[in-house]
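Numbering (our numbering), first residue to last: 1248 to 1668.
Built from N, CA and C at the ideal position, the CB exists for glycine as well.
Report on the structure given below.
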Amino acid sequence: MNLTPETNIESNVSGYSKSFPTTFRKAKNDILVDNNEKEYLDFFSGAGALNYGHNNDYLKKEIVAFLGSDAPIHCLDMDSEMKLNFLNAFQDTVLKPRGLDYKLQFPSPSGTNAVEAAIKLARKVTKRSKILSFTNSFHGMTASSLALSGSQEHRHNDIPAQDVLFFPFDGYFGEDVDTLEYIKQMVASQGSGNTLPAAIILETIQAEGGIKVASVDWLVGLQQFANENGILLIVDDIQVGCGRTGNFFSFERAGIYPDIVLLSKSISGFGLPLSLVLMKPELDIWTPGEHNGTFRANNLALCGATTALDYWKDRNFQNEIEKKAQVVEEKLNQLRTDSEAVKAVRGMGLIWGIEFESGEFAKKVSQQLFEKGLIIETCGNKGQVVKLLPPLTITERNLSNGLDLIQETIHQLHGQPILTY
Ligand SMILES: Cc1ncc(COP(=O)(O)O)c(C=O)c1O
1248 MNLTPETNIE SNVSGYSKSF PTTFRKAKND ILVDNNEKEY LDFFSGAGAL NYGHNNDYLK
1308 KEIVAFLGSD APIHCLDMDS EMKLNFLNAF QDTVLKPRGL DYKLQFPSPS GTNAVEAAIK
1368 LARKVTKRSK ILSFTNSFHG MTASSLALSG SQEHRHNDIP AQDVLFFPFD GYFGEDVDTL
1428 EYIKQMVASQ GSGNTLPAAI ILETIQAEGG IKVASVDWLV GLQQFANENG ILLIVDDIQV
1488 GCGRTGNFFS FERAGIYPDI VLLSKSISGF GLPLSLVLMK PELDIWTPGE HNGTFRANNL
1548 ALCGATTALD YWKDRNFQNE IEKKAQVVEE KLNQLRTDSE AVKAVRGMGL IWGIEFESGE
1608 FAKKVSQQLF EKGLIIETCG NKGQVVKLLP PLTITERNLS NGLDLIQETI HQLHGQPILT
1668 Y
């Protein structure tokens, strides 16, 4: 079914319907099918909300059974068996094995609500108002989250960034400039003109910002600086958490222990909306109901979330991600060597970016791939990066086919002969 111009009452604001102009009818794991039965390989994963693929059978079985049981689906943040199940499972499967001690808050269900809750809490705890955020960051579309986002495209310059200090992310001025040293001097030294912020918020890999990977040394140094100055460190793991980088949390590779961690997108496992704020216990100075919202802790989403944690009980799941990550890395490095169109490739686990000179070229790559049956989006401050974000559960064959298609398309668009590896 297609809408006629008279019946299409949806606002212009709908974006992905323009980037990927077809009507989807079905989806399974790494494949979407449209209403003309055309298949699309999914290298987008609902912008990171579908790490376990579309309609994952293992999760679906539990979700369907839960729906059939007449258990409460919506009960705000009243206690339900499902909520308690999830809290126990998260403690046993995620926190304890990693030696992490956090309390959990369920904010409203989209990622931006977790960001809003976290900065509100940081301000309350420290009694300071400023938040330090980074160049090219993205934290969501509600007013405070937008104010924290470096992306001018999203801010349109009309969202005031009051009480936000923007500082250069790792590598912002190239490899030779130590941005951490700059931050230290500008934030904590007498005479810099700045007063201490309540918190530093960051993505360990800036996703919308163009797949910018913070180094381990930088992350460790940033945490140390924050700790020494009583500044809370907030890791926004909304896009790159839940296994995207190979570990459950993206910061595990650096061995840091953020004060606050934000999860959303893939935490429910099934594409159902759910968000979490993880805070060190001593920060939990909320009073009951002080921060609320109607759709917190939705039980259907929690059913998906509890079941999805089973993936993390078996080391094989992570081994599989590592194996697939290696395939992507090798292929992209080869592409970088072979194609003059490719300026850089960056990434980790199953989040990778291919950077081109211009946003126009990246857009053409994404459009051509869509024609050929592969869904992939662009990111970066000029849209110049094509972002590879397949489900973690993608089959090896489809991963390889998708990478071949990307390589072929870049060569075609750049007028280079197609090499086969
Ligand atoms: C790092 C990060 N933070 C926050 C958000 C906002 O999440 P939501 O769109 O669910 O509000 C996003 C969305 O892409 C994100 O990538």
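Residue i beta carbon near ligand 3 (any heavy atom closer than 7 Å)
i, result
"residue 1472", "Absence of ligand 3 from the depicted structure is noted, with ligand 1 being the only ligands included."
Distance between residue j and residue i (C-alpha atoms, nearest Å)
i, j, result
"residue 1365", "residue 1264", "31 Å"
"residue 1642", "residue 1311", "25 Å"
"residue 1376", "residue 1304", "46 Å"
"residue 1428", "residue 1549", "42 Å"
"residue 1321", "residue 1392", "26 Å"
"residue 1462", "residue 1468", "10 Å"
"residue 1654", "residue 1637", "16 Å"
"residue 1629", "residue 1487", "21 Å"
"residue 1515", "residue 1334", "13 Å"
"residue 1495", "residue 1259", "36 Å"
"residue 1611", "residue 1660", "8 Å"
"residue 1410", "residue 1315", "48 Å"
"residue 1277", "residue 1635", "13 Å"
"residue 1564", "residue 1640", "9 Å"
"residue 1577", "residue 1535", "51 Å"
"residue 1566", "residue 1650", "20 Å"
"residue 1508", "residue 1284", "41 Å"
"residue 1532", "residue 1601", "43 Å"
"residue 1603", "residue 1586", "10 Å"
"residue 1441", "residue 1323", "41 Å"
Run of the alpha helix (DSSP H) containing residue i, from where it starts to where it stops
i, result
"residue 1659", "1643 to 1660"
"residue 1331", "1328 to 1337"
"residue 1616", "1606 to 1619"
"residue 1434", "1426 to 1435"
"residue 1372", "1358 to 1373"
"residue 1393", "1390 to 1394"
"residue 1295", "1292 to 1295"
"residue 1265", "1263 to 1266"
Identified DSSP bridge partners for residue i
i, result
"residue 1276", "1301"
"residue 1559", "In the DSSP output, where bridge partners are listed per residue, residue 1559 has none listed."
"residue 1446", "1378, 1479"
"residue 1542", "According to DSSP, residue 1542 bridges with nothing at all."
"residue 1595", "1598"
"residue 1352", "1524"
"residue 1452", "1460"
"residue 1603", "1589"
"residue 1496", "Note: residue 1496 sits in no beta bridge, so no partner."
"residue 1564", "DSSP output for residue 1564 lists no bridge partner at all."
"residue 1281", "1271"
Expected contact under 8 Å - CB spacing of residue i and residue j to nearest Å
i, j, result
"residue 1288", "residue 1648", "7 Å"
"residue 1541", "residue 1336", "The pair is not a contact, with the Cβ atoms about 24 Å apart (cut-off 8 Å)."
"residue 1732", "residue 1362", "A query on residue 1732 cannot be resolved here, the shown segment of the chain reaching from 1248 to 1668 and no further."
"residue 1570", "residue 1349", "Going by Cβ atoms, the distance from residue 1570 to residue 1349 rounds to 30 Å, so no, they are not a contact pair."
First and last residue of the uninterrupted beta strand (DSSP E) at residue i
i, result
"residue 1625", "1624 to 1626"
"residue 1288", "1286 to 1289"
"residue 1634", "1632 to 1635"
"residue 1510", "1507 to 1510"
"residue 1487", "Premise fails: residue 1487 is in no beta strand (DSSP E) and is neither H nor E."
"residue 1414", "1411 to 1414"
is_contact[residue i, chain C] using C-beta, thresh 8 Å
i, result
"residue 1493", "The chain inventory of the structure shown lacks chain C, comprising one protein chain alone."
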